[in-house]
Each structure stands twice: as structure tokens, then as C-alpha cells.
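**Student:** Residue numbers (this note's numbering): 42 to 507.
From the three backbone atoms N, C-alpha and C, an ideal C-beta is built for every residue, glycine too.
Encoded as C-alpha cells, here's the structure I'll be asking about.
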Amino acid sequence: MIPALLVLCSLCVGVHGEEGLLSWHLDDVIRAVELTERSNPGLDMLGIVRTLRSTANHDDSFLRHFLGPLPDGGPPARTDEATLAPAWDHTGFVAGMFRHRVTAGGQEEGVVLTPDGTTTAVAPMLLGIEAGLQRKRGAPESGIPDALYSVTLAKDLGLSFVRFSNSQLAGRLGPDGCWDSLTAPRNFTLSGPPALATDALVNGAMDGVVLGDHLSREEDPPKLSQLLKLYFHHNGLALDSAPRLQSNFRRGNFGKLANATFLQEQIVASLSLYRGLMGDALLEGLDSAALESAVREGLPEFVHRYMVCPAIIPRCMWGAEPYRGTPTPLVLPLSFLYIHHTYGPSLPCLTFPDCARDMRAMQRFHQDDRGWDDIGYRHNSLGYGVSFIGDYTATLPARRAMALVRERLTQCAVDGGRLVSNFTIHGHRQLVNTSCPGDKLYTEITGWEHFREVQPKPPGDSRAGN
Ligand SMILES: *[C@@H]1O[C@H](CO)[C@@H](O)[C@H](O)[C@H]1NC(C)=O
Ligand SMILES: *[C@@H]1O[C@H](CO)[C@@H](O)[C@H](O)[C@H]1NC(C)=O
Ligand SMILES: *[C@@H]1O[C@H](CO)[C@@H](O)[C@H](O)[C@H]1NC(C)=O
Ligand SMILES: *[C@@H]1O[C@H](CO)[C@@H](O)[C@H](O)[C@H]1NC(C)=O
């Protein structure tokens with residue numbers, strides 16, 4: 042569960058360098074945008090996103106309904122790629138970043154690794170930006186498909202709900218996946234059978250909604266490349282002083298805009314329109330009632346997975362070593378949540394590479410020096426262990442990090458059947474002779490709703506220490 046905290050962290054990725062040409066890193070998307078901006082200095086942000094979409098020839102009657110026709114005769118202005126970046130296949134890259142699909146081998150395309158360690162689909166993000174720029178937003182009307190939600194999220198979510206409504210093969214949503222390399226990512230392999238709306242597609246859609254909504258209220262939008270840098274590169278600001286509009290808060294920001302009732306209406310309205318315009322075979326023979334019920338059945342999974350639960354960075358993303366030996370499966374739901382601090386590292390990491398490095402160092406210490414099976418913040422079979430990275434003897438973790446654990450992570454675990462609803466929270470020091478989780482943090486958690494004293498003291502945890 043520790044990696045849950047990693048999502049709060051951000052990074053400034055180094056150079057993607059020569060090796061990084063045509064890698065699927067967000068920084069390469071920014072390079073492609075900059076190239077388009079430099080060769081079309083007269084275009085504003087809306088002109089640039091439309092030029093990119095036109096370069097990729099990413100258009101259909103559903104998109105035209107909401108965003109209008111792209112200019113005839115190809116891109117409105119040329120990208121002089123040969124002069125600006127000789128080794129860069131601009132058209133190929135832009136077409137690839139818009140073309141979202143999952144191959145037969147389980148590789149997801151049209152997605153990029155972002156500096157916060159999550160993966161996001163480019164097309165729905167840029168479509169959301171375009172929809173947001175196209176109009177100043179009033180309150181969205183119920184039952185009428187809203188361009189911002191339709192072109193990003195609503196139609197794709199709806200199709201995934203309908204397609205997988207009775208499927209044993211895959212969930213209606215997800216999964217996440219693993220990149221082949223964090224410095225020059227090219228190959229993103231999904232970790233299970235794919236739904237139509239994967240984690241990356243939902244991330245891109247949420248980015249599109251959040252950025253599009255923001256831009257619809259913005260008098261004087263910056264350059265697109267600038268916006269993407271601000272949103273994805275938070276320059277290692279401490280969590281509580283970071284601006285709200287950044288990618289590692291995408292779930293919270295999305296949750297402030299949308300709710301289940303509104304999404305239900307939007308998805309049904311988008312799907313009905315899509316069926317009318319595109320005649321999708323999947324929707325043939327489904328009357329409105331069947332369509333509505335597929336959406337009503339699917340939506341709670343979306344709300345749980347992406348609006349209640351925090352993003353969890355999979356082990357492959359921080360470069361975890363395998364578990365040593367054979368793990369014993371937990372008997373769920375568990376009854377306890379144990380709070381730790383790491384003590385060392387003594388400061389919270391603020392960028393993804395730093396967090397990933399810290400995770401690897403802690404795992405190495407626990408496996409090699411202490412001889413444990415894996416990274417060890419667990420009173421193993423009885424409860425989940427959550428460790429805040431840092432030394433909280435004299436200071437508290439970031440408010441945002443504490444709220445994430447106290448509110449979202451616990452709700453996620455209870456709703457997901459992993460933790461009983463009357464679970465109790467303990468500090469590590471209540472179970473063994475240790476100062477963990479630090480005096481200051483321990484005092485803080487004694488005020489949390491689920492905190493309980495331990496009476497009498499259960500058998501000591503053999504995994505003592507911080
Ligand atoms: C991508 O990775 C998968 C799994 O590691 C591998 O099977 C596949 O061949 C790779 N594809 C490419 C194009 O490198
Ligand atoms: C749900 O979201 C919509 C769209 O943002 C908003 O108009 C409505 O007031 C929200 N309803 C609730 C109960 O929050
Ligand atoms: C939690 O609820 C269950 C069943 O409702 C009960 O058996 C158990 O004693 C409760 N645990 C605590 C710690 O209150
Ligand atoms: C707890 O640990 C401290 C420091 O290691 C030690 O001084 C103390 O005697 C221990 N207390 C008990 C009850 O074992």
C-alpha cells in the first residue's frame with residue numbers, strides 16, 4: 042500500500058536525449074507541440090490543438106458534431122519538421138499519439154508516461170483541451186451531451202460498460218500496465234485483460250476534463266506547451282504549497298467537477314448520440330432502457346476505482362524486486378490499518394524518480410539487510426500498513442498526504458471489500474517497542490476517527506523497527 046503515496050509525488054524528468062527520440066514520454070509530446078508552435082507562430086492554443094488533430098487525421102462524425110469540421114485540405118499550416126528537427130518524424134509521432142488502441146499482444150498504444158509516474162492517453166486529453174477552448178462554459182445541462190465530457194470520457198466509458206456488462210473475461214474498466222523503460226519508454230504492456238476504457242484512457246479523459254474546464258474560464262490561455270509543462274512538471278514543490286492544477290491531483294480535481302448523477306446522464310446521452318451518428322454494432326439492438334441500465338451497473342465501479350481510490354503506482358513502475366519466497370494470500374476483509382513513518386528517508390520525496398529510488402532503497406534494506414521477504418511495513422496477516430515517507434518525530438506529513446490516507450485510501454479499501462467498515466487504526470508503536478510513526482504523527486492519528494487504544498497488547502510484531 043505504500044506506493045499509494047507515491048502518486049502525490051512529481052518529477053522533472055531529465056533529458057530524453059538522443060535515445061529518447063520517438064519515445065512515448067509526455068516530454069516528447071511537449072516537443073511535438075513545441076515544434077508545431079514554432080512552425081505556426083500565428084496560431085493560438087486552439088489553432089495548435091486543431092493543427093495537431095489535423096496532422097493525425099483524427100476525426101469522425103461524432104467529433105465533428107461537437108468540435109466542428111477540421112479545415113479542408115489537410116493541416117492549416119505546415120510543420121517544417123526537416124528544418125526544425127532533422128531526425129524527428131513529426132507526422133508519424135503525432136499520428137501515433139492520437140491513435141489509441143490495445144494490440145493483440147496486450148500493448149496499449151496512444152499513451153504516454155507522465156512525470157508523476159502515471160500513464161495517460163493523449164487523444165482524450167487534447168480533445169478535452171479543444172472542447173474547453175471552443176466555448177466559455179456555463180453549467181452543463183443535464184441530459185444534453187456536453188462536448189467536454191463527450192469527447193473525453195462519456196462515450197468511451199459507456200462503450201466499455203456495454204461491452205463488458207456480462208463479461209467474465211475482464212472488468213468493465215482498466216487495467217494499468219508497465220513500461221519497458223522509464224527514461225525512453227516505448228512499450229506499455231497491460232497487466233491483465235483490457236476493457237475498452239483502460240486506466241490510461243480514463244487518466245487522459247480526466248486530464249482533458251480538468252484542463253478543458255479550466256481553459257473555458259481562462260481569459261488569456263498560455264501556449265499549449267506551456268500549459269502541459271505547468272500541469273505535468275510541478276518542479277518538486279512541496280505538496281501543500283503546490284498549485285491545484287497539476288496532474289498528480291487529477292482524481293481530486295475531476296471529482297470536484299463531476300458526480301455520479303451527472304456522469305450517468307452524460308454517458309447515456311453521449312452513447313445515444315454516438316449510436317445515431319456512428320451506428321456502432323455494439324449498441325445495435327439495445328433500447329434506451331438497456332443502455333441506461335448498463336451504464337447504471339457500470340458507473341459504481343468507475344466511481345470506486347477512479348474517484349474514491351487514490352492512484353496506486355504499480356511495483357513495476359518503481360522497479361521493485363520480486364517477493365522472496367511464496368506470499369500467503371490475505372483473508373479479506375482485514376480489520377486493522379497500521380500507520381508508520383519511514384524515519385529514513387527522513388524527508389518526503391517530491392519527484393517520481395526520487396520516490397522510486399527511495400522505494401527501491403527501502404526494499405533493498407528490508408530484503409538484504411533485515412532478511413525479510415519484501416518491503417516490510419506490515420503486521421502482515423491482520424492489517425494493512427501505510428508508511429508515510431519521512432521522519433515525523435517533530436513535524437507532520439503534508440496535509441494532502443494525510444487526507445489521502447485518512448479519507449480516500451481507507452474508503453477505497455472499505456468499499457473494495459479489503460477492510461471491514463469498523464476497522465481500527467493503530468500506530469506502529471502500539472504493537473512493538475518503537476518510536477514509529479514519530480511523536481508528532483502519532484499524536485495526530487490519535488485524533489482520527491478509527492484510532493483505538495490497544496488493550497491488552499497483542500503478541501509483538503517480529504518486524505520491529507521503523
Ligand atoms: C513489448 O513488450 C512485450 C512484453 O515484454 C514483448 O512481448 C513485445 O515483444 C514488446 N514489443 C515491442 C514492439 O517491443
Ligand atoms: C453534479 O454535477 C453537476 C455538474 O457539475 C452539477 O451541476 C450538480 O450540481 C452536481 N450535483 C451534486 C449533487 O453535487
Ligand atoms: C466490527 O463489526 C463486527 C460485525 O459487525 C463485529 O463482530 C466486530 O466486533 C466489530 N469490531 C470492532 C473493533 O468494533
Ligand atoms: C524499548 O527500546 C528502548 C530502546 O531500544 C529500550 O531502551 C527500552 O528498554 C525498550 N523497552 C522495553 C519495554 O523493551
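Using the Cα positions of Leu108 and Tyr190, report the straight-line distance between them to the nearest angstrom.
**Tutor:** Near 12 Å, if we compare the C-alpha coordinates of Tyr190 and Leu108.
**Student:** Below 8 Å on the Cβ atoms is my contact criterion, and I expect Thr383 with Met403 to pass it. Report the Cβ-Cβ distance as a whole number of Å.
**Tutor:** So it is a contact: roughly 7 Å between Cβ atoms.
**Student:** To the nearest angstrom, how far is it from the Cα of Ala118 to the Cα of Glu259?
**Tutor:** Only weak support exists for where Ala118 lies, its pLDDT of 49 falling under 50; the value from the coordinates is given anyway. If I take the Cα positions, the gap works out to 25 Å.
**Student:** Give a single yes or no on whether Asn207 has its beta carbon closer than 7 Å to a heavy atom of ligand 4.
**Tutor:** Asn207 Cβ: outside cutoff for every heavy atom of ligand 4.
**Student:** Whose CB is closer than 6 Å to a heavy atom of ligand 6? List the residues in chain order.
**Tutor:** Here the bound small molecules are ligand 1, ligand 2, ligand 3 and ligand 4; ligand 6 is not part of this structure.
**Student:** Residue range of the beta strand (DSSP E) that Asn463 falls in?
**Tutor:** Its beta strand (DSSP E) spans residues 460 to 468.
**Student:** DSSP on Cys453, reduced to helix/strand/coil?
**Tutor:** Correct three-state label for Cys453: helix.
**Student:** Which whole-angstrom value is the C-beta distance of Lys270 and Ile71, which I expect to be below 8 Å?
**Tutor:** Sure, about 6 Å apart at Cβ, within 8 Å.
**Student:** Provide the residue span of the beta strand (DSSP E) that contains Trp220, from first to last.
**Tutor:** Looking at the DSSP string, the run of the beta strand (DSSP E) that includes Trp220 is 218 to 220.
**Student:** Give me, in chain order, the residues of the same chain whose beta-carbon lies closer than 7 Å to that of Thr487; leave out the 5 immediate sequence neighbours on both sides.
**Tutor:** Same-chain partners within the cutoff: there are none.
**Student:** Could you pull out every residue in the same chain whose Cβ sits closer than 7 Å to the Cβ of Tyr364, ignoring the five residues on either side in sequence?
**Tutor:** Excluding sequence neighbours, Tyr364 sits near Asp414, Asp415.
**Student:** Is it right to say Arg447 is buried, meaning 16 or more other beta carbons lie within 10 angstroms of its own, or is it exposed?
**Tutor:** The residue in question, Arg447, is buried, as its Cβ has 16 or more Cβ neighbours within 10 Å.
**Student:** Using only the heavy atoms of ligand 2, determine whether one of them is closer than 7 Å to the beta carbon of Leu298.
**Tutor:** Flag set: Cβ of Leu298 near ligand 2.
**Student:** Going by beta-carbon coordinates alone, are Val349 and Gln471 separated by less than 8 Å?
**Tutor:** No, these two residues do not count as a Cβ contact at 8 Å.
**Student:** Runs of 4 residues minimum, wholly inside the region 159 to 190: which ones carry the alpha helix (DSSP H) assignment?
**Tutor:** If we require 4 residues or more, the alpha helix (DSSP H) runs fully inside the region 159 to 190 come out as 163 to 175.
**Student:** Do the region 389 to 396 and the region 475 to 495 make contact, defined as three or more Cβ pairs closer than 8 Å?
**Tutor:** As far as the Cβ criterion goes, the region 389 to 396 does not touch the region 475 to 495, which means the pair count is below three.
**Student:** Keeping to the same chain, check which residues put their C-beta closer than 8 Å to that of Ser387; ignore five residues upstream and five downstream.
**Tutor:** For Ser387, where only same-chain residues beyond five positions count, the Cβ hits under 8 Å are Gly431, Asp432.
**Student:** Among residues of its own chain, excluding the 5 on either side of Gly115, which ones have a beta-carbon nearer than 7 Å to its beta-carbon?
**Tutor:** Confidence at Gly115 is low in this model, with a pLDDT of 46, below 50, so its placement is unreliable and the value that follows should be read with caution. Excluding positions up to five away in sequence, the list reads Ser95.
**Student:** Distance, Cα to Cα, Ser206 vs Gly479?
**Tutor:** Whole-angstrom Cα-Cα distance: 47 Å.
**Student:** Spell out the partners DSSP gives Thr230 in its beta bridges.
**Tutor:** Answer by DSSP bridge pairing, in chain order: Gln148, Cys219.
**Student:** Looking at C-beta atoms only, is the number of pairs between the region 451 to 469 and the region 362 to 376 that lie closer than 8 Å three or more?
**Tutor:** At 8 Å Cβ cutoff, the stretches touch.
**Student:** Under 7 Å: does the beta carbon of Thr159 sit that close to some heavy atom of ligand 2?
**Tutor:** No; taking the cut-off as 7 Å, the Cβ of Thr159 has no heavy atom of ligand 2 nearer than that.
**Student:** Rank Gly137, Met319, Arg401, Thr144 by C-alpha distance to the C-alpha of Leu63 and give the top, closest one.
**Tutor:** For the residues Gly137, Met319, Arg401, Thr144, the minimum Cα distance to Leu63 belongs to Gly137.
**Student:** From the DSSP secondary-structure annotation, give me the bridge partner or partners of Arg140.
**Tutor:** Answer by DSSP bridge pairing: none, since Arg140 is not bridged.
**Student:** If you follow the beta strand (DSSP E) that Val250 is in, where does it begin and where does it stop?
**Tutor:** Not the beta strand (DSSP E): Val250 falls in the alpha helix (DSSP H), residues 240 to 257.
**Student:** Just the Cα atoms here: how many angstroms apart are Met443 and Ser329?
**Tutor:** Those two C-alpha atoms are separated by around 43 Å.
**Student:** Consult DSSP for Tyr425 and reduce its assignment to one of helix, strand or coil.
**Tutor:** Tyr425 falls in the strand class under three-state DSSP.
**Student:** My output table needs one value for Ser376: the three-state DSSP class, helix, strand or coil.
**Tutor:** The answer is strand: DSSP assigns Ser376 an E or B state.
**Student:** CB of Thr302 to nearest heavy atom of ligand 2: below 7 Å?
**Tutor:** Thr302: yes, Cβ under 7 Å from ligand 2.
**Student:** In terms of alpha-carbon separation, which member of Arg459, Asn474, Ser476, Trp65 lies closest to Ala225?
**Tutor:** That would be Trp65, whose Cα lies nearest to the Cα of Ala225.
**Student:** When the Cα of Leu256 is compared with those of Phe229, Asp130, Leu87, Gly293, which residue comes out closest?
**Tutor:** Per the Cα distances, Leu87.
**Student:** Is the Cβ-Cβ distance between Leu214 and Phe343 less than 8 Å?
**Tutor:** For Leu214 and Phe343, yes; Cβs fall inside 8 Å.
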